[in-house]
Each structure stands twice: as structure tokens, then as C-alpha cells.
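A.B. asks: Residue 225 is where the sequence shown starts when you use the working numbering, and the numbers rise one by one after that. Quick reminder that beta carbons are idealized off the backbone N, C-alpha and C, glycines included.
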Amino acid sequence: MPASDALALLATHVKPDSTYQPLKDEHSRRWHASTARGEFEILTTGVKWYDTRAHAGGGGAIDLAMHLLGVSFVDAVKRFTAR
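Here is the structure:
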């Protein structure tokens, strides 16, 4: 699952940054997202993501859920399989 799709499922609010100009990969996008844990600025490229404020990143929807929601691996998996 692309990180941008996972972000849309996990955040209570998500908005693309139309002013963002990718430097390395033209497919990269910057998003402003909100969850119960706060505000995030996330870069996505395919399945990879990077939180510019926390200086942390990963690959895949599960990693992103763990980061944005502050949940365990098992709880992150449940977020995507309970639908």
C-alpha cells in the first residue's frame, strides 16, 4: 500500500502541500496530517515515508501507523485488518 493511501486511512485530517517541490524523486509528496497524537508533516514516496519534524521514517503502512498513532505492531496491523 502506498504511504499516501495509508496516511489517508490513519489521519483524521490530511492535506497535500501544493507548494512542495521534490528534490530527489519527482513522485515524492509532502502532506500535513493530524491524528489524536498531534500534527505531522510527512513526505511520501511509494511505500516509504519520512516525518520531517520527528526526523524519523520507515517503509510501509504498519510502520506509519505505529509512528502516527503510537501503537504497537499488533495494534497497527489490527487497524488495517479490522475493516
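Counting along the chain, where does the alpha helix (DSSP H) carrying residue 298 start and finish?
C.D. replies: It spans 297-305 - the alpha helix (DSSP H) in which residue 298 sits, taken as one unbroken run.
A.B. asks: Ends of the alpha helix (DSSP H) at residue 251?
C.D. replies: Looking at the DSSP string, residue 251 is not in any alpha helix (DSSP H), and its letter there is neither H nor E.
A.B. asks: I need the DSSP call for residue 228, collapsed to helix, strand or coil.
C.D. replies: Reduced to three states, the DSSP call for residue 228 is helix.
A.B. asks: On the three-state DSSP scale, how would you describe residue 257?
C.D. replies: Residue 257 falls in the strand class under three-state DSSP.
A.B. asks: Looking at residue 257 and residue 266, is the spacing between their C-beta atoms short of 7 angstroms?
C.D. replies: For residue 266 and residue 257, yes; Cβs fall inside 7 angstroms.
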